[in-house]
Amino acid sequence: MRFNEDAELDVSEVRDLRGGGVGGRVAVGGGGLGIVGLLIYFVLAQFGGVPVDTPTLGTVEPGQQVDSDSLARQCRTGADANTDHECAVVAIVNSIQDYWAGELARTGLTYHESVTTFFSGGIDTACGSAGSDVGPFYCPTDAGVYLDLGFFTDLRERFGARGGLFSEAYVLAHEYGHHVQNLLGISTRVREGTGVTSDSVRLELQADCYAGVWARNATTTLTENGRPLLTEITNDIAAALDTAGRIGDDFIQREFGGAVDESRFTHGTSAQREYWFTTGLNTADPTRCDTFGAPDLG
70 MRFNEDAELD
80 VSEVRDLRGG
90 GVGGRVAVGG
100 GGLGIVGLLI
110 YFVLAQFGGV
120 PVDTPTLGTV
130 EPGQQVDSDS
140 LARQCRTGAD
150 ANTDHECAVV
160 AIVNSIQDYW
170 AGELARTGLT
180 YHESVTTFFS
190 GGIDTACGSA
200 GSDVGPFYCP
210 TDAGVYLDLG
220 FFTDLRERFG
230 ARGGLFSEAY
240 VLAHEYGHHV
250 QNLLGISTRV
260 REGTGVTSDS
270 VRLELQADCY
280 AGVWARNATT
290 TLTENGRPLL
300 TEITNDIAAA
310 LDTAGRIGDD
320 FIQREFGGAV
330 DESRFTHGTS
340 AQREYWFTTG
350 LNTADPTRCD
360 TFGAPDLG
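Start counting at 1 in the sequence shown, then tack on 69, and there's your number in my numbering.
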């Protein structure tokens with residue numbers, strides 16, 4: 070991935086609270102939606118695993134509060150995003166929200182920004198307390214995206230994902246897909262909690278499709294200066310598909326030594342996740358992401 074070096078970054082869309090966490094877990098009843106986080110937690114609990122304590126990106130130690138202005142000082146332009154990992158994450162968040170703001174405006178709707186919060190150890194949210202083992206998640210109650218940056222290391226080391234910046238962009242775009250679902254009222258359609266064709270699976274696959282839609286439109290989404298923030302994503306798509314393939318319900322259940330139990334599916338199979346991300350990528354059209362109306366989920 071490459072960013073327009075002259076584009077300005079908007080760090081107001083990101084809060085850095087690493088080092089100030091409290092531990093705990095997201096309350097499932099609170100509606101927290103994670104790309105793999107809650108699934109990881111449940112599978113670990115089911116098979117007796119212990120979450121790995123992975124370091125967060127950078128040099129922040131547990132209990133050490135990050136300077137709230139540090140991102141603002143280091144992440145000013147796309148040039149910073151091309152050389153600094155944290156700034157790249159800020160740029161990705163900016164690009165995703167720029168796209169959805171424009172897309173919803175074209176349909177006569179208003180997009181309300183969601184803030185991404187970096188945390189380490191744990192954090193309190195309106196959906197409950199969350200530990201790092203939960204992974205990235207979206208809380209519809211406070212409309213916030215929450216991310217322990219160490220998760221990306223975890224994704225490579227525990228799940229064997231290829232990794233890379235665009236894989237991280239896919240994860241973030243998925244979480245912002247949940248935000249769009251929340252704004253459109255789609256999240257309220259979830260009734261059945263688990264199962265192959267459950268509403269939960271349909272919600273997650275639609276968020277994957279929305280991630281693909283953003284990816285296809287990213288290099289043509291303009292910033293306020295009339296130029297795209299993201300200028301290149303070529304050769305990165307395969308890494309995102311690799312990540313999608315390693316966070317399906319079937320793959321994760323097998324990886325943790327258990328039999329595949331379709332009745333416990335909450336996110337869809339690896340093949341389905343790849344299929345719906347690719348659907349969004351190939352069509353560039355969010356209306357083609359109607360997983361709730363699809364008789365066949367792939």
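All residues carry an ideal CB built from backbone N, CA and C; glycine is no exception.
Which word fits residue i, buried or exposed, when buried means at least 16 other C-beta atoms lie within 10 angstroms of its C-beta?
{"i": "Met70", "result": "buried"}
{"i": "Pro209", "result": "buried"}
{"i": "Gly177", "result": "exposed"}
{"i": "Asn351", "result": "exposed"}
{"i": "Gly90", "result": "For Gly90, the predicted structure reports a pLDDT of 44, less than 50, and the residue's modelled location is therefore unreliable. The matter cannot be settled from this model."}
{"i": "Phe346", "result": "buried"}
{"i": "Gly147", "result": "buried"}
{"i": "Asn163", "result": "buried"}
Alpha carbon to alpha carbon, how far is residue j from residue i? Give it in angstroms, no decimals.
{"i": "Ala170", "j": "Phe235", "result": "21 Å"}
{"i": "Gln166", "j": "Arg84", "result": "15 Å"}
{"i": "Ala328", "j": "Ser269", "result": "21 Å"}
{"i": "Gly254", "j": "Leu272", "result": "12 Å"}
{"i": "Leu78", "j": "Leu140", "result": "10 Å"}
{"i": "Tyr279", "j": "Arg142", "result": "32 Å"}
{"i": "Gly204", "j": "Phe220", "result": "6 Å"}
{"i": "Arg258", "j": "Asp193", "result": "26 Å"}
{"i": "Leu299", "j": "Arg333", "result": "38 Å"}
{"i": "Ala242", "j": "Val80", "result": "17 Å"}
{"i": "Ala307", "j": "Gly197", "result": "35 Å"}
{"i": "Thr289", "j": "Ala363", "result": "29 Å"}
{"i": "Thr123", "j": "Thr222", "result": "Unreliable positioning characterises Thr123 in this predicted model, as indicated by a pLDDT of 28, which lies under 50. The coordinate reading is nonetheless provided below. So the alpha carbons of these two residues sit roughly 7 Å apart."}
{"i": "Val97", "j": "Arg315", "result": "Below a pLDDT of 50, predicted positions are generally treated as unreliable, and Val97, at 37, falls in that range; the measurement from the model is reported next regardless. So the alpha carbons of these two residues sit roughly 23 Å apart."}
{"i": "Cys156", "j": "Glu74", "result": "12 Å"}
{"i": "Gly281", "j": "Gly367", "result": "16 Å"}
Does residue i come out as helix, strand or coil in the three-state DSSP assignment?
{"i": "Tyr180", "result": "coil"}
{"i": "Asp153", "result": "coil"}
{"i": "Pro368", "result": "For residue 368 there is no data in the structure shown, the boundaries of the chain being 70 and 367."}
{"i": "Ala309", "result": "helix"}
{"i": "Leu366", "result": "coil"}
{"i": "Ile192", "result": "strand"}
{"i": "Val91", "result": "In this prediction, Val91 scores a pLDDT of 45, lower than 50, which makes its location untrustworthy; the coordinate-derived value is nonetheless stated afterwards. Reduced to three states, the DSSP call for Val91 is coil."}
{"i": "Leu299", "result": "strand"}
{"i": "Val80", "result": "helix"}
{"i": "Glu343", "result": "helix"}
Exercise for review: Decide if the region 311-330 is in contact with the region 338-356; the criterion is three or more beta carbon pairs, one per stretch, under 8 Å apart.
Suggested key: By the Cβ criterion, the region 311-330 is in contact with the region 338-356, since at least three pairs of Cβ atoms, one from each stretch, lie closer than 8 Å.
Exercise for review: Answer yes if the region 346-363 comes into contact with the region 283-297, meaning at least three C-beta pairs across the two stretches below 8 Å, and no otherwise.
Suggested key: Because the criterion of three Cβ pairs below 8 Å is met, the region 283-297 and the region 346-363 touch.
Practice item. Inspect the CB distances between the region 241-260 and the region 204-222 and report whether three or more fall short of 8 Å. Key: Because the criterion of three Cβ pairs below 8 Å is met, the region 241-260 and the region 204-222 touch.
Practice item. Ignoring anything shorter than 4 residues or poking outside the region 192-267, list the alpha helix (DSSP H) runs there in chain order. Key: If one requires a minimum length of 4 residues, the alpha helix (DSSP H) runs lying completely within the region 192-267 are 220-228 and 234-253, in chain order.
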